[in-house]
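Heads up, the thing below is written out as structure tokens.
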Amino acid sequence: MRSAIEASESVRGTTSPNPPVGAVILDTEGNPVGVGATLPPGGAHAEVSAISAAGERARGGTAVVTLEPCNHTGRTPPCSQALIEAGVAAVYFAVGDPNPLARGGAETLAAAGIEVHRGLLAEEVAGGPLRAWLHRQKHGRPHVTWKLASSLDGRSAAADGTSQWITGPLARARVHAERAKLDAIIVGTGTVLADDPWLTARLPDGSLAAHQPLRVVVGVGEIPATARVLDDAAPTLRLRTRNPDEVIAALSDHVDILLEGGPTLAGAFLAARRVDRIQAYIAPILLGQGAAALHDAGVGNIEQAVRFDRESLETIGPDILLSLVPGGTGTTETLTDKE
Ligand code: AOF
Ligand code: ZN
Numbered sequence: 154m155r156s157a158i159e160a161s162e163s164v165r166g167t168t169s170p171n172p173p174v175g176a177v178i179l180d181t182e183g184n185p186v187g188v189g190a191t192l193p194p195g196g197a198h199a200e201v202s203a204i205s206a207a208g209e210r211a212r213g214g215t216a217v218v219t220l221e222p223c224n225h226t227g228r229t230p231p232c233s234q235a236l237i238e239a240g241v242a243a244v245y246f247a248v249g250d251p252n253p254l255a256r257g258g259a260e261t262l263a264a265a266g267i268e269v270h271r272g273l274l275a276e277e278v279a280g281g282p283l284r285a286w287l288h289r290q291k292h293g294r295p296h297v298t299w300k301l302a303s304s305l306d307g308r309s310a311a312a313d314g315t316s317q318w319i320t321g322p323l324a325r326a327r328v329h330a331e332r333a334k335l336d337a338i339i340v341g342t343g344t345v346l347a348d349d350p351w352l353t354a355r356l357p358d359g360s361l362a363a364h365q366p367l368r369v370v371v372g373v374g375e376i377p378a379t380a381r382v383l384d385d386a387a388p389t390l391r392l393r394t395r396n397p398d399e400v401i402a403a404l405s406d407h408v409d410i411l412l413e414g415g416p417t418l419a420g421a422f423l424a425a426r427r428v429d430r431i432q433a434y435i436a437p438i439l440l441g442q443g444a445a446a447l448h449d450a451g452v453g454n455i456e457q458a459v460r461f462d463r464e465s466l467e468t469i470g471p472d473i474l475l476s477l478v479p480g481g482t483g484t485t486e487t488l489t490d491k492e
């Protein structure tokens, strides 16, 4: 399943609106003989690629898939049938397919006499490569991550407006690697004016990654025609609104969206409860003055604070990456938190 997750992760960002699924076929001895990942929409599903890589060695073997094999004829024929025809003896999958059109693969496989196991590394898959797609299936809207990079005192620029190199090179490389796996990146017009960001996904050598997310500029203010975000390195969408729900509606075909800045736009998304995850890159530097990473999230008193729960904490070189999800915990629970 770890190899299937790796295959899944390797195509994240290239399959939307379909999920980035990974599949591995093991022969009767348990040796991996075929790996596959979902191709862009209309292309083969993960299982079909893995089966064709395995060929006859799939017979009597085992299929390991991150998502329940589909049971429908959509743009491609059902994977459940492909697995039955390939003659596998067992299928392990991590998460069930919530799509009412595609679900039911487990039952079809079992009815054909195949041993079916559900739930292997399900949390890792649901919180990892299939996270945004599962979110969109459940809520009917894209998954929004707010990314911020700030000093320890919550500032994203120094007093004179300089904002380069708050976090270290490793954290910046991580941000670029992540960008290449997204569907869209949103910024406000204020950020375009202040920083003139390019918003492209770059490889460590500075060249452009193969997959570029849609660049989205949100806000009613004007931006100069010379702004770097308007060049032809990647597509750009201009949305003349400040309303988070209008932004999300305009991006409803997308699955995995990153909100990059600035502070006012982030405040509007937080106030509207439209941030599904925060990725906070926090550098061990203090600025004392300068622009705050967040402005006006509709919070007037401590009761109204927008609360998040910690999902994970990682160190990246000298910086930390804190991943947070919307919190259900109120002040009382926080006080009794034993950690
Ligand atoms: C799988 N393996 O690799 C993927 C699956 O329009 P289609 O035919 O491409 O079907 C899309 C649906 O199939 C998608 O919404 C999801 O339920 C499932 N995706 N299933 O067995 C895969 N990508
Ligand atoms: Zn399928």
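For the sequence shown, our numbering begins at 154 and goes up steadily by one.
Positions of the beta carbon are idealized from the N, C-alpha and C atoms, including for glycine.
- Between residue 261 and residue 446, the alpha-carbon positions lie close to 51 angstroms from each other.
- Assignment of beta strand (DSSP E) within the segment 328 to 385, counting only whole runs of 3 or more residues, yields 337 to 341 and 367 to 371 in chain order.
- The beta carbon of residue 189 lies closer than 6 angstroms to those of 176, 199, 202 and 203 in the same chain, with the five residues before and after it left out.
- Residue 234 sits in a helix when the DSSP states are folded into three classes.
- Counting along the chain, the unbroken alpha helix (DSSP H) around residue 423 starts and ends at 416 to 424.
- With a cutoff of 9 angstroms on beta-carbon distance, residue 220 and residue 172 are scored as near each other.
- Taken through DSSP and simplified to helix, strand or coil, residue 319 comes out as coil.
- When secondary structure is reduced to three states using DSSP, residue 445 falls in the strand class.
- The beta-carbon distance between residue 458 and residue 424, rounded to whole angstroms, is 12 angstroms. This is too long to meet the 8 angstroms contact definition.
- Annotation for residue 288: the continuous alpha helix (DSSP H) segment containing it runs 284 to 292.
- In this model, residue 370 and residue 479 are separated by some 25 angstroms (Cα to Cα).
- The DSSP-derived three-state label of residue 210 is helix.
- Its Cα nearest to that of residue 233, the residue 269 stands out among 156, 269 and 251.
- Here residue 224 is buried: its Cβ has 16 or more other Cβ atoms, across all protein chains shown, within 10 Å.
- Taking 8 angstroms as the cut-off, the C-beta of residue 255 counts as close to a heavy atom of ligand 2.
- Assignment of residue 262 by DSSP, reduced to helix, strand and coil, places it in the helix class.
- Relative to ligand 2, the beta carbon of residue 201 is positioned inside 8 angstroms of a heavy atom.
- Residue 206 and residue 227 do not touch by the CB rule: their CB atoms are close to 22 angstroms apart, not below 8 angstroms.
- Residue 471 and residue 431 have their C-alpha atoms some 19 angstroms from each other.
- Checking the 8 angstroms criterion, the Cβ of residue 198 is within range of a heavy atom belonging to ligand 2.
- Cα atoms of residue 246 and residue 216: separation of roughly 8 angstroms, rounded to the nearest angstrom.
- In the DSSP assignment, residue 163 falls within the alpha helix (DSSP H) that extends over 155 to 163.
- As a beta-bridge residue in DSSP terms, residue 297 pairs with 410.
- In the DSSP assignment, residue 275 falls within the alpha helix (DSSP H) that extends over 275 to 280.
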